[in-house]
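Chains as they are written, first to last, in my numbering: chain H, 125 to 493; chain X, 125 to 493; chain Y, 125 to 493; chain R, 125 to 493.
There are 4 protein chains.
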Amino acid sequence: MTNAELELTTSAATPSASTTMKALVYHGPGKCAWEDKPRPAIQDPGDAIVRITTSTICGTDLHILKGDLPAVTDGRILGHEGIGVVEHVGTGVSEFHVGDKVIISCVTACLKCDFCKRGMYSHCRHGGWILGCTIDGTQAECVRIPQADGSLHHFPADGDEEALVMLCDILPTGYECGVLNGQVKPGDAVAIVGAGPVGLAVLLTAQFYSPAAIFMIDLDDKRLAVAKKFGATTLINSTDGHAAHHLMELTEGAGVDVAIEAVGVPATFDICQAVVAAGGRIANVGVHGKPVELHMEKLWDRNISLTTRLVDTVTTPMLLKVVRSGKLQPSKLVTHRFAMNDIMKAYDTFGNAAKEGALKVILANGGLR
Amino acid sequence: MTNAELELTTSAATPSASTTMKALVYHGPGKCAWEDKPRPAIQDPGDAIVRITTSTICGTDLHILKGDLPAVTDGRILGHEGIGVVEHVGTGVSEFHVGDKVIISCVTACLKCDFCKRGMYSHCRHGGWILGCTIDGTQAECVRIPQADGSLHHFPADGDEEALVMLCDILPTGYECGVLNGQVKPGDAVAIVGAGPVGLAVLLTAQFYSPAAIFMIDLDDKRLAVAKKFGATTLINSTDGHAAHHLMELTEGAGVDVAIEAVGVPATFDICQAVVAAGGRIANVGVHGKPVELHMEKLWDRNISLTTRLVDTVTTPMLLKVVRSGKLQPSKLVTHRFAMNDIMKAYDTFGNAAKEGALKVILANGGLR
Amino acid sequence: MTNAELELTTSAATPSASTTMKALVYHGPGKCAWEDKPRPAIQDPGDAIVRITTSTICGTDLHILKGDLPAVTDGRILGHEGIGVVEHVGTGVSEFHVGDKVIISCVTACLKCDFCKRGMYSHCRHGGWILGCTIDGTQAECVRIPQADGSLHHFPADGDEEALVMLCDILPTGYECGVLNGQVKPGDAVAIVGAGPVGLAVLLTAQFYSPAAIFMIDLDDKRLAVAKKFGATTLINSTDGHAAHHLMELTEGAGVDVAIEAVGVPATFDICQAVVAAGGRIANVGVHGKPVELHMEKLWDRNISLTTRLVDTVTTPMLLKVVRSGKLQPSKLVTHRFAMNDIMKAYDTFGNAAKEGALKVILANGGLR
Amino acid sequence: MTNAELELTTSAATPSASTTMKALVYHGPGKCAWEDKPRPAIQDPGDAIVRITTSTICGTDLHILKGDLPAVTDGRILGHEGIGVVEHVGTGVSEFHVGDKVIISCVTACLKCDFCKRGMYSHCRHGGWILGCTIDGTQAECVRIPQADGSLHHFPADGDEEALVMLCDILPTGYECGVLNGQVKPGDAVAIVGAGPVGLAVLLTAQFYSPAAIFMIDLDDKRLAVAKKFGATTLINSTDGHAAHHLMELTEGAGVDVAIEAVGVPATFDICQAVVAAGGRIANVGVHGKPVELHMEKLWDRNISLTTRLVDTVTTPMLLKVVRSGKLQPSKLVTHRFAMNDIMKAYDTFGNAAKEGALKVILANGGLR
């Protein structure tokens, strides 16, 4: 730590004398390694250094590894989800102290810019999704969290790390982009297209609002079976290419009040626009790489809305309350556990999710508990 | 009038002994005539017969004449806008009486079905837009209005027919589909693509909410000049194909909070998706005949919403209050006046709107006042 | 049936040749009798005659019997809740036919007036709460339902009469006045003051939105025990007069996001204003006979809202969907069953609710099933 | 400035070598003086020191002087409104720099606590209304602004100080507590009770939404005349104690959609509850010192809402946009101007507002321009 950094650090706990740590480092398409990196240090007054205790892998991490996100460059530590303990804080951090256990939001929020003030942390002018993307991330022993007051949440005394690491990204993503934007209401008929981890997060949080019917659509019967256990009322395997047709038959031509896209390709988007009822909502959650054809010649007079959203993580405090009340059990999403040192194996498992039956994999620093 | 019809009629005023009337009748693509038709009679308990005093022509009528709407068949009387006087009412009509002067909504609403109860009259299971489409319309001496209690509004004692005929369709269309769905708010930057009558109706009603800037985009400088008079703060002629680029420069890259599409073709829709700011709304008003390419690869993380809507006319009572308060002067939209007998000339003028500088043309039964 | 009435009736089913029926008739404070009355007949085109199969008694009926509602006069048939079968319909009724099984809303709605169009059926200019109040009600063999298209709902093929008779009044009342107006949200802390039938209806429907905590406050431990079974998370017996103090201690001074008043006296209202958190909502459900003292000197800067509402029954279609999905079991509220002929005994039981452990009592025409 | 303070200060501009300044200091009920005080210095990383160029006096300042607010103690510098130039910033301040011209919000917001994240800055756990109350205020040469990033706004290049000082308190107060909470909509009938500066701020900002009618109620014909100029459509002098009766007659018994209380005494609150229509809103703006009697026996079934709010100043950025667009001219509220040195005279004038015809008085440091 340099002198300049020292001046920015209000407290000098001594959790680790080492100046290096292990981290998962990206080295271009298809290449990454669990290797030594310098331990991060405070750079700005709003920074905190967090020692990671639990992390996980996101579908986006797989996209990065494939080279789909050119913003991620050689040398970057991956990961944007994690639970940990604060080791250092900058002078501008007021809500967190050394020793605090914290939940790290995948989105960094300064709270001060116009977008943050509107609750759009995803578009924060000093943050947004940068962790494990344009700055080093959480798949490591330690991570620097900029804008810590806006980007961390206090971990509750009675919390379960495996459950609450789902609040870093996947649950607020499903809830904000899918359920809130889709305005799910009691009695609604809801279709969720995609039963992967994010689609299942939509499924779990949609039930906050007591919809009458939830149609789950996917190519994989195993994932559909999980969806059934998680509360889906009707399953539709879309392998035959006629999912929309089946849903319309099942609803006697009515379609659904809310269609939630949780895949990110034109075919799944098309199902949504084919099944949304007049007056309904299409809420997009999936990450798209290509344009879609929007059938305005059919939709212009249908009184529908279509929304897009990058998760803002503004609902994390609320989700935390619901988890603590027992009305949401995010640990249901966990299928595999690895010591952080075995992260390469964890990626193998997660990368073959269908075959392995993997949803979310837990990475535990200090080994498995 | 048959005996059966007589039984359905509570009151027998004698405004006209004649059993025929003049009406504008569609005879297939490109053909129509001002000719004799039987006077309409009560068919259902909810019907009213209205003698038209003022009507107007809508862009949709031109589409019908071109043959774009196959639902409209040979022999149909055109027109879905009008002011008139009630001549007969069925036994089920309770809110209107013979002699009442009324505003006819372009949308017919039973008020009883699930869509009507949700305020989506446009999708009424017994109505919707049927006038001058699947049943005979208002460009005639008389018209039968089904579901009269849901489809008529009392004309105020101090009202101006030319102003209030704009409440039949164009003003609620601009307001509901554009302004309400676009959620225009004080201080917003708004772009309206299309300065035709509907775009101008959007412009007039957007100002109910005190936006800070209104960019008006059109190919026609004459229409843009009208928009300036009506309150647009910045004009963009889109002839060079770079309207979106110009708007982005004018807003220093920020774009607009609300982009309202009031034309109905892919090129104008594209301007909207190019200029909407993160967190903004695209509200579609235009009638589309083709799909559009929606750039989900750019929009998926922009937190935008896109809405479509066929006018519900649920805001007509409110618009009526605003007109009466003097805060909205719909008669601004009137550029030409014709006696109803001269309706063929009126169509000529309206059909050459650009050359004629026409916005809305008034059709007055009984001649011009 | 007179000739005039005959003309208004479209169909002449012959379910009963009798011209009289049994009904519970009010004869001034403290007096009522199960006695003969003329069978009702169609008076207006919008009327339906419904033969009652199941009814129930409301707390308001007890108030009427005590003479608290001077609008109810000698000779009035009581009751505003019921399930039945349509026997006759007027010519203006389009949504219901002879033989249809129906749920009767306690509120009569013309659907055509300005209040109905705004969804405020409770203030319908031609209806509102009139059944068993200013017109004859449902505690009888038959009832005339004016504005039938707005006041009846189709009974589903697989429905349970005992469950669905709760949709006539108590469930929409708890849901609309308490839960919707209180804007209950996932993670919220909610206090419900009063564990009578209406308070319990609030409790059941509040859970549509997954609040984290529901504090139930009442004087009666038996009712609180029921509340516990129905999902309350914390019970507070208010006998000691310190319910607000206890709640504030339990919430570490935070109070609740939503405080719902379901009794209607100043003392229970006071609990609500004492426990509502800054930014919270007080939703009044109870019927008040006296003013309350509102502590504006404490509340003016607390950013709270306080709402009042007479049930509009606009959410009945939605509640029906939720019941059918199995997410709400209204039959939980039923504690006693009587043949309609034994209605006087039913009133005795319901009038001694605390002693009898009574919540809702079922009245079955044709005897118990 | 101590060493500790120095360390917290990132930049050392030298606008003033002096260590003292002039300020208006409160010395208990009825006593205050324009006297020497130490210049403020940075105490926390989030602080900024602002040299005041323009300030004004609020009705609340008069209450403080009378001794109505015991939280304000001897020695306190008064004032919570001001425009100025940043002289120093702490290390945690990122959005403002030395030399920036700023608008000071009357409410201090940390942006990080749960209330700030919900947009309830008024209840900020580290701020709220503290300026000129529990910490020294703006009626001075300089002021320390804690939580500067959440409590200051950039003054626009083309801004007018006299106009924009109205954005410190009075305009967001009228807009947020009155207009937003009252949900003023196009076509609404609005009553504003109280035509003092805050009532007039409500009047100016209510017009953002094009209400059809605005009834202004006050005891003072001079203030009513100002209201007329500012856009009120109907004036009611309430001296005879029958203002509610007059309003009900003028509206033919309908009452108003929104009743806004801008005084803070039971009599004016009573007017609001007497004139609000079924389905309407009462929005309280006034500061109340006593409970009011709320007529729940009349209101329980009227479907009304009543709101309270301390200004959050969350709408200041939006108000700034509207002012810059020319759609709001806050300088209309300015009636008198004083050099800051003459603040005692300014208080005399403002304290005799009725006689002096005073609305807002401008205090200019460095003398009048």
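For every residue, glycine included, the Cβ atom is placed at its ideal position computed from N, Cα and C.
Fair warning: this is a prediction, and the values are worked out from it, not measured in the lab.
- What are the start and end residues of each continuous alpha helix (DSSP H) run of 4 or more residues lying completely inside the segment 286 to 339 of chain Y, in chain order? If we require 4 residues or more, the alpha helix (DSSP H) runs fully inside the segment 286 to 339 of chain Y come out as 321 to 330.
- Message: Which residues of the segment 444 to 477 of chain X have a Cβ closer than 9 Å to any Cβ of chain Y? Give them in chain order.
- Response: Under the 9 Å Cβ criterion, the segment 444 to 477 of chain X contributes no residue.
- Could you name the residues that DSSP lists as bridge partners for Val217/Y? Numbered from its first residue, the third sequence carries residue 217/Y at position 93. BP columns for Val217/Y are empty, so no partner.
- Message: Using beta carbons (cut-off 8 Å, strictly below), is Pro321/X in contact with chain H?
- Response: Counted from its first residue, the second sequence places residue 321/X at position 197. At a cut-off of 8 Å between beta carbons, Pro321/X makes no contact with chain H.
- When the Cβ atoms of the segment 474 to 487 of chain H are set against those of the segment 337 to 353 of chain H, are three or more pairs found closer than 8 Å? The answer is yes - the segment 337 to 353 of chain H touches the segment 474 to 487 of chain H, with three or more Cβ pairs under 8 Å.
- Item | Rounded separation between Gly450/Y and Val322/Y - CA only | Taking the first residue of the third sequence as position 1, residue 450/Y is located at position 326. Taking the first residue of the third sequence as position 1, residue 322/Y is located at position 198. Spanning the two alpha carbons is a distance of roughly 20 Å.
- Message: For a test of the three-state rule: what should DSSP assign to Ser449/H, helix, strand or coil?
- Response: Indexing the first sequence from 1 puts residue 449/H at position 325. For Ser449/H, the three-state secondary structure derived from DSSP is coil.
- Item | Alpha-carbon to alpha-carbon, Ala470/R and Pro454/R | Counting from one through the fourth sequence, the residue named residue 454/R turns up at place 330. Counting from one through the fourth sequence, the residue named residue 470/R turns up at place 346. Roughly 19 Å separates the two Cα atoms.
- Message: Please confirm whether Phe310/Y has its beta-carbon closer than 8 Å to some beta-carbon of chain H.
- Response: Your numbering for residue 310/Y matches position 186 in the third sequence. Strictly speaking, residue 310/Y in this sequence is Pro, with Phe absent from that position. Pro310/Y counts as touching chain H.
- Task: Closer than 8 Å by beta-carbon distance: list the chain R residues that pair up with Pro441/H, in chain order.
- Result: Start at 1 with the first residue of the first sequence, and residue 441/H comes out as number 317. The contacting residues are Asp238, Lys241.
- Message: Tell me which residue opens and which closes the beta strand (DSSP E) that Ala402/R is part of.
- Response: The residue given as residue 402/R occupies position 278 in the fourth sequence. Counting along the chain, Ala402/R sits inside the beta strand (DSSP E) bounded by residues 400 to 408.
- Task: Tell me, please, whether the segment 254 to 266 of chain X touches the segment 172 to 179 of chain X by the rule of three or more beta-carbon pairs shorter than 8 Å.
- Result: Touching, yes.
- Message: For a test of the three-state rule: what should DSSP assign to Ile181/Y, helix, strand or coil?
- Response: Walking along the third sequence from the start, residue 181/Y turns up at place 57. Judged by DSSP in its simplified three-state form, Ile181/Y adopts coil rather than helix or strand.
- How would you write the range of the beta strand (DSSP E) that Asp381/R sits in, first residue to last? The residue you call residue 381/R lines up with position 257 of the fourth sequence. Secondary structure note for Asp381/R: its beta strand (DSSP E) is the uninterrupted segment 380 to 385.
- Item | Check whether Val303/X and Ile338/X have beta carbons under 8 Å apart | Translated into the one-based positions of the second sequence, residue 303/X becomes position 179. Translated into the one-based positions of the second sequence, residue 338/X becomes position 214. No.
- Query: So, helix, strand or coil for Gly199/R, using DSSP?
  - Reply: For the purposes of this step, residue 199/R is taken as the residue at position 75 of the fourth sequence. It is coil, neither helix nor strand.
- Taking Ala336/Y as the query, report the chain H residues whose CB atoms sit under 8 Å from its CB, ordered along the chain. Here the question's residue 336/Y lines up with position 212 in the third sequence. By Cβ distance, chain H contributes Lys445, Val446, Arg448, Ser449, Lys451.
- Item | Closer than 9 Å at the beta carbon, the chain X residues around Ile259/H | As a working note, residue 259/H is residue 135 in the first sequence. Near Ile259/H there are no residues of chain X at all, since even the closest Cβ is about 18 Å away, more than 9 Å.
- Task: For Gly251/R, go through chain H and note every residue whose CB falls closer than 9 Å to its CB, in chain order.
- Result: One-based indexing of the fourth sequence puts residue 251/R at position 127. Under a criterion of Cβ atoms nearer than 9 Å, no residue of chain H is adjacent to Gly251/R; the nearest Cβ is some 12 Å distant.
- Item | Contact list for Tyr333/R against chain X, beta-carbon separation under 9 Å | As a first step, residue 333/R must be located in the fourth sequence, where it is residue number 209. Within chain X, the residues near Tyr333/R are Pro310, Phe332, Tyr333, Ser334.
- Kindly list, in the order they appear in chain H, the residues whose Cβ is closer than 7 Å to that of Gly306/X. Start at 1 with the first residue of the second sequence, and residue 306/X comes out as number 182. Below the 7 Å Cβ cutoff, chain H contributes no neighbours of Gly306/X, its closest Cβ being approximately 11 Å away.
- Based on the DSSP output, what are the partners of Gly206/R in its beta bridges? Counted from its first residue, the fourth sequence places residue 206/R at position 82. For Gly206/R, which the question treats as bridged, DSSP gives the partners Ser179/R, Ile228/R.
- Query: Straight-line CA distance for Glu417/Y to Phe354/R?
  - Reply: Position 293 of the third sequence holds residue 417/Y. Position 230 of the fourth sequence holds residue 354/R. As the crow flies, the alpha-carbon of Glu417/Y is around 35 Å from that of Phe354/R.
- Query: Measuring CB to CB, does Gln397/X end up less than 8 Å from His366/X?
  - Reply: One-based indexing of the second sequence puts residue 397/X at position 273. One-based indexing of the second sequence puts residue 366/X at position 242. For the pair Gln397/X and His366/X, the CB atoms are not nearer than the 8 Å cut-off.
- Establish whether the CB of Asn427/X and some CB of chain H are separated by less than 8 Å. Start at 1 with the first residue of the second sequence, and residue 427/X comes out as number 303. It does: the Cβ of Asn427/X has a partner Cβ on chain H nearer than 8 Å.
- Message: To the nearest angstrom, how far is the alpha carbon of Lys309/H from that of Val400/H?
- Response: By one-based count along the first sequence, residue 309/H stands at place 185. By one-based count along the first sequence, residue 400/H stands at place 276. Lys309/H and Val400/H have their C-alpha atoms spaced approximately 15 Å apart.
- Run the CB neighbour count on Met468/H, radius 10 Å, all protein chains shown included, and call it buried at 16 or more, exposed below. Your numbering for residue 468/H matches position 344 in the first sequence. With fewer than 16 other Cβ atoms within 10 Å, it is exposed.
- Query: Straight-line CA distance for Met464/X to Thr177/X?
  - Reply: For the purposes of this step, residue 464/X is taken as the residue at position 340 of the second sequence. For the purposes of this step, residue 177/X is taken as the residue at position 53 of the second sequence. Taking the straight line joining both Cα atoms gives about 9 Å.
- Going along chain H in order, which residues have a C-beta closer than 9 Å to the C-beta of Ser218/R? As a position in the fourth sequence, residue 218/R is number 94, starting the count at 1. Those are Asp168, Pro169, Gly170, Gly216, Cys234, Lys236, His250, listed as they occur along chain H.
- For the ligand NAD, is there a heavy atom less than 7 Å away from the beta-carbon of Ser218/X? No copy of the ligand NAD occurs in the structure displayed, which carries no ligand at all.
- Can you tell which of Ile360/X, Lys456/X, Pro270/X, Glu211/X has its C-alpha closest to the C-alpha of Ile254/X? Locating residue 254/X in the second sequence gives position 130, where the first residue counts as 1. Looking only at Ile360/X, Lys456/X, Pro270/X, Glu211/X, the smallest Cα-Cα distance to Ile254/X is reached by Pro270/X.
- Sequence-distant residues of its chain with Cβ nearer than 8 Å to Tyr333/Y (five each side left out): Translated into positions along the third sequence, residue 333/Y becomes position 209. These residues qualify, in order along the chain: Val303, Val308, Lys309, Pro310, Asp312.
- Opening and closing residue of the beta strand (DSSP E) in which Asp160/H lies: Stepping through the first sequence from its first residue, residue 160/H is reached at position 36. DSSP places Asp160/H in the uninterrupted beta strand (DSSP E) bounded by 156 to 162.
- From Ile207/R to His370/R, what does the alpha carbon distance come to, in whole angstroms? Here residue 207/R refers to the residue found at position 83 when the fourth sequence is read from its first residue. Here residue 370/R refers to the residue found at position 246 when the fourth sequence is read from its first residue. Going by the C-alpha atoms only, they are around 42 Å apart.
- Mind checking Ala157/R: buried by the 16 CB within 10 Å criterion, or exposed? Counting from 1 along the fourth sequence, the entry for residue 157/R is found at position 33. Taking every protein chain shown into account, the CB of Ala157/R has fewer than 16 other CB atoms within 10 angstroms, so this residue is exposed.
- Report yes if the CB atom of Leu276/X is closer than 8 Å to the CB atom of Ile201/X, and no otherwise. One-based indexing of the second sequence puts residue 276/X at position 152. One-based indexing of the second sequence puts residue 201/X at position 77. No, the Cβ-Cβ distance between Leu276/X and Ile201/X is not below 8 Å.
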